[in-house]
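This report refers to the structure that appears directly beneath it.
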Amino acid sequence: MSNGPVGVALVGAGVISGQYLRNLTSFPDVRVLAVADLDAERAAAVAHEHGVPVSGDLATALALPEVEIVVNLTVPSAHAAVALESLRAGKHVYGEKPFAMDLDEGAKVMAEAADRGLRLGCAPDTFLGAGLQSALHALRSGLIGTPVAVAAATQSLGPESWHPNPEFFYQPGGGPLFDLGPYYLTALVSLLGPVERVAAGTRKAREQRVVGSGPKEGTVFPVDVPTHVNALLDFPGAATATATFSFDSPVNRRVIEVIGTEGALSLPDPNTFEGPLLARGPRDTDWRELPVSGTTVSRGIGVLDLARSLRAGTPHRASGELAYHVLELMSAIAQSGEASEFRPITSTMTAPEPLPADWDPYAATLS
129 MSNGPVGVAL VGAGVISGQY LRNLTSFPDV RVLAVADLDA ERAAAVAHEH
179 GVPVSGDLAT ALALPEVEIV VNLTVPSAHA AVALESLRAG KHVYGEKPFA
229 MDLDEGAKVM AEAADRGLRL GCAPDTFLGA GLQSALHALR SGLIGTPVAV
279 AAATQSLGPE SWHPNPEFFY QPGGGPLFDL GPYYLTALVS LLGPVERVAA
329 GTRKAREQRV VGSGPKEGTV FPVDVPTHVN ALLDFPGAAT ATATFSFDSP
379 VNRRVIEVIG TEGALSLPDP NTFEGPLLAR GPRDTDWREL PVSGTTVSRG
429 IGVLDLARSL RAGTPHRASG ELAYHVLELM SAIAQSGEAS EFRPITSTMT
479 APEPLPADWD PYAATLS
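Taking the numbering used here, the leading residue of the sequence shown gets 129, the next gets one more, and so forth.
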């Protein structure tokens with residue numbers, strides 16, 4: 129087993145790469161060695177901005193023997209292809225969500241990693257942040273008794289009012305279910321474990337939308353996916369969750385409430401790494417805020433946890449197993465909405481262990 133910081137190559141130099149690179153280059157246990165992109169000039173500019181020594185295409189990054197993890201930030205339609213090429217080059221892979229465009233793609237990636245003895249990780253890693261980690265500790269402590277129900281919702285009018293290129297949000301692999309669903313579903317299964325079956329109702333409020341900002345302002349584009357999804361998720365035992373994913377709501381809402389036999393928890397937005405975390409008991413007249421502890425560093429802590437786990441030989445938390453389960457949940461929800469029937473979930477996962485209380489992304493733990 130190798131020693132010292134883990135070498136990383138980042139593939140896909142789009143907007144989100146900056147957030148990853150700002151964090152990854154500040155973690156002593158990770159060394160960012162290369163930035164790759166189809167656009168060589170963009171890769172070079174991003175690499176220069178963040179002090180990364182090598183830039184080029186994917187082949188350039190994969191040729192570096194010191195690279196152990198490929199961080200795959202390409203567009204969703206390329207996630208599986210880049211993951212497979214990286215695995216075949218002997219690299220572990222951590223990707224942005226979604227894990228793949230469909231279950232067939234996802235299964236191929238899972239099988240390739242298993243055959244080669246390599247690890248897979250996937251965003252979102254927000255469940256490793258202070259807010260949701262504190263919620264996990266509260267649940268495991270029995271603060272609200274046994275969870276029996278969850279109500280989750282993410283509602284807005286969609287991203288076209290502010291995003292200059294919103295079309296992909298309304299194409300297959302997009303919509304509120306596949307864009308925001310990974311945050312909510314990952315939070316739920318990280319807290320409660322795997323889902324057994326799902327049912328859903330879906331609709332599309334409008335056939336077209338209009339770009340609201342940027343050079344393409346006023347451009348009309350088609351909507352090819354449902355924009356409002358109501359889902360029911362059954363967990364083993366007694367817990368059931370309802371979840372709403374909508375780009376059709378004039379009222380913005382981001383809610384996860386866990387109802388237990390002795391109280392309830394109101395969780396923070398699962399697309400953030402912080403609080404607040406609220407609790408309420410049967411005799412309380414209002415919510416009370418609970419203390420939150422843990423890391424509030426944003427995207428990239430899942431990569432760091434993978435890197436440290438590689439060196440320690442322990443399971444990492446934002447795993448391919450978890451991401452594939454979430455992918456199946458989203459696929460089954462979409463299928464249920466079309467067929468109006470419950471869909472069984474065939475995959476499973478193990479709820480990740482909490483991060484240690486002293487887990488510090490800025491500590492140098494690998495020598």
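Cβ atoms here follow ideal geometry from the backbone N, Cα and C, with glycine treated the same way.
Note that this is a predicted model, so its numbers are computed, not measured.
Should residue 304 go down as buried or exposed, given a rule of 16 or more other Cβ atoms within 10 Å for buried? buried
Pull the bridge partners of residue 350 from the DSSP assignment, please. 336
Look at the Cβ atom of residue 289, then the Cβ atom of residue 205, and state whether they are nearer than 8 angstroms. no
Rounded to whole angstroms, what is the Cα-Cα separation between residue 390 and residue 274? 7 angstroms
For residue 490, count neighbouring C-beta atoms within 10 Å of its own C-beta (all shown protein chains included) and say buried if the count is 16 or more, exposed if not. exposed
How many whole angstroms separate the CB atoms of residue 339 and residue 329, which I take to be in contact at a CB cut-off of 8 angstroms? Wrong, their Cβ atoms sit about 28 angstroms apart, outside the cutoff.
Three-state secondary structure (DSSP) at residue 304? helix
Would you give the residue range spanned by the alpha helix (DSSP H) that residue 464 belongs to? 448-467
State the DSSP-derived secondary structure class of residue 430, mapped to helix, strand or coil. helix
Considering residue 224, what are the terminal residues of the alpha helix (DSSP H) in which it resides? Note, residue 224: premise wrong, no alpha helix (DSSP H); not H, not E.
Between the C-alpha atoms of residue 410 and residue 272, what's the straight-line distance to the nearest angstrom? 10 angstroms
Taking 8 angstroms as the cut-off, does the region 185-194 touch the region 157-164 (at least 3 CB pairs, one atom from each stretch)? yes
Indicate the three-state DSSP secondary structure (helix, strand or coil) for residue 444 in the structure shown. Here residue 444 carries a coil assignment [DSSP, helix/strand/coil].
Ordered along the chain, which non-local residues of its own chain (more than five positions away) have a Cβ less than 7 angstroms from that of residue 475? 452, 453 and 456
Local conformation of residue 356 per DSSP, three classes: strand
Any idea what DSSP makes of residue 362, helix, strand or coil? strand
Around the Cβ of residue 467, are there at least 16 other Cβ atoms within 10 angstroms (buried) or fewer (exposed)? exposed
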